[in-house]
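Notes to accompany the following structure.
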Amino acid sequence: MDVQASVVAESAGDLVSLRLLAAVGESGSISAASRAVGMSQQAASARLRRLELGVGFPLLRRGARGTTLTSEGALAALWASDVVEAADRFEAGISGLRDDSAPLEVAASLTIAEYLIPAWLIALRRGDSRSILLSVAAMNSSRVIERVRTRERVLGFIESPQDTAGLASRLVARDELVVVVAPEHPWSARESISAAQLARTPLIVREQGSGTRLSAEQMMADAGLTPAAPYVELPTTSAIRTSVAAGDGAAILSILAVRDDLAAGRLMRVRVRDLRFVRELRAVYTDEQLLPSRLQTLLALATRLPLGSAPIR
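In structure tokens form, the structure reads like this:
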């Protein structure tokens, strides 16, 4: 095999580069393709130049207005897509032949991991006599998407509007966010507050990237409101609930997280007159057909279980 043929073979065997080229063909830009495969634009450009060196002709036309595929590059991107799809089917098939006792690995936002996945797992076990070990990596929604994009997890669950370019997604449930305060807070005695008053008030919130925080901020922005800077950022929903119950301020949390606190009187719900916080909980993955069969079953259960839809009051 001559040197040129050797480099071509090496390039063709680089699935990451082929996946990147296919993504350029689908998205039309290197920046969007790099996000889709979970790498920096600089690293993506370097990989594509190496691929061009391997095939021996330009795949991309680079100019001041951006980068586009050459006619040869467009054909190569289609062929790369075929190779990537075949490789993914091969990987999924091999995974299905492995020991059924292997753990099922998913990533989930903290609210979903704590309040929904346990019920989904119980339902999954009832319908499957085999031993099931589900490994759940709990993190904020932004990191869930990163894990699925980089294929560290094949299935993720998120709770906020996010850029899911390059991924498939499915609506799992609708969840309501509610404003909560301590019983002695001045708002607890009021029938309701205005959305503008809520936006002016510094709230107790989670960190940047939290699905609950992103959802609430996006809904206020959609209503033409700019939220005040946070009163304090805390790392977990439990910490926020404790802080609010102690009279430290107000927060916007999932009804799933505060349902028991509301029933016990530890927290009080505050109605917002002209704004309702209803968000979508979604599953994200690269291709549903590539999910192990039991994760496909878990996904189906998640979309139809009554517990999967928080009450909208």
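Quick note: the sequence shown uses my numbering, first residue 267, plus one each step. Quick reminder that beta carbons are idealized off the backbone N, C-alpha and C, glycines included.
Annotation: the continuous alpha helix (DSSP H) that includes Met485 extends over Gly477 to Asp488. Scanning its chain for C-beta atoms nearer than 6 angstroms, with the 5 sequence neighbours on each side dropped, one finds around Gly291 the residues Ala343, in chain order. Judged by beta-carbon spacing, Phe543 lies beyond the 8 angstroms limit of Ile506, meaning their Cβ atoms are not closer than that value. Comparing C-alpha distances from Val538 to each of Ala516, Arg548, Val550 and Leu557 shows the shortest one belongs to Ala516.
Judged by their CB atoms, Ser435 and Val550 are nearer to each other than the 8 angstroms cut-off. Rounded to whole angstroms, Ala495 and Thr503 show a C-alpha spacing of 18 angstroms.
Within the same chain, and ignoring the five residues on either side of Gly531 in sequence, the residues whose Cβ sits closer than 8 angstroms to its Cβ are Pro449. Taking 8 angstroms as the cut-off, the beta carbon of Ala288 is found closer than this to the beta carbon of Ala346. If you look at Ile424, you'll find it in the beta strand (DSSP E) that goes Leu421 to Ile424.
In the three-state scheme derived from DSSP, where H, G and I count as helix and E and B as strand, Glu412 is classed as helix. Residue nearest to Ser476 within the set Val410, Gly329, Ala389 and Asp514 is Val410 (criterion: CA-CA distance). DSSP places Ala517 in the uninterrupted beta strand (DSSP E) bounded by Ala517 to Ser520. Secondary structure note for Leu500: it is in no beta strand (DSSP E), with a DSSP letter that is neither H nor E.
According to the DSSP assignment, Glu318 belongs to no beta strand (DSSP E) but to the alpha helix (DSSP H) extending over Gln307 to Val321.
Between the stretch 419-435 and the stretch 546-566 there are three or more C-beta pairs closer than 8 angstroms, enough to call the two in contact.
Contact check between the stretch 444-460 and the stretch 553-561: fewer than three CB pairs, one atom from each, fall below 8 angstroms, which does not count as touching. Taking every protein chain shown into account, the CB of Asp540 has fewer than 16 other CB atoms within 10 angstroms, so this residue is exposed.
Arg537 carries a coil assignment under DSSP once its states are collapsed to helix, strand and coil. In the DSSP assignment, Leu326 falls within the unbroken beta strand (DSSP E) covering Leu326 to Gly329. For Ser435, there is no enclosing alpha helix (DSSP H); the enclosing beta strand (DSSP E) covers residues Ala434 to Val447. In the DSSP assignment, Gly513 falls outside any alpha helix (DSSP H) and carries neither an H nor an E.
Burial is judged here by how many other beta carbons sit within 10 angstroms of a residue's own beta carbon; Leu443 has at least 16 and is buried. Straight across, the Cα-Cα distance linking Ser337 with Phe323 is about 11 angstroms. When rounded, the separation of the alpha-carbon atoms in Glu418 and His451 is 44 angstroms. Around the beta carbon of Ser520, 16 or more other beta carbons sit within 10 angstroms, so the residue counts as buried. Using a Cβ distance threshold of 8 angstroms, Val446 and Val402 do not count as a contacting pair. Scanning Arg479, Thr492, Ala404 and Ala487 for the CA closest to the CA of Arg466 turns up Thr492.
Under DSSP, the beta-bridge partners assigned to Phe543 are Leu443.
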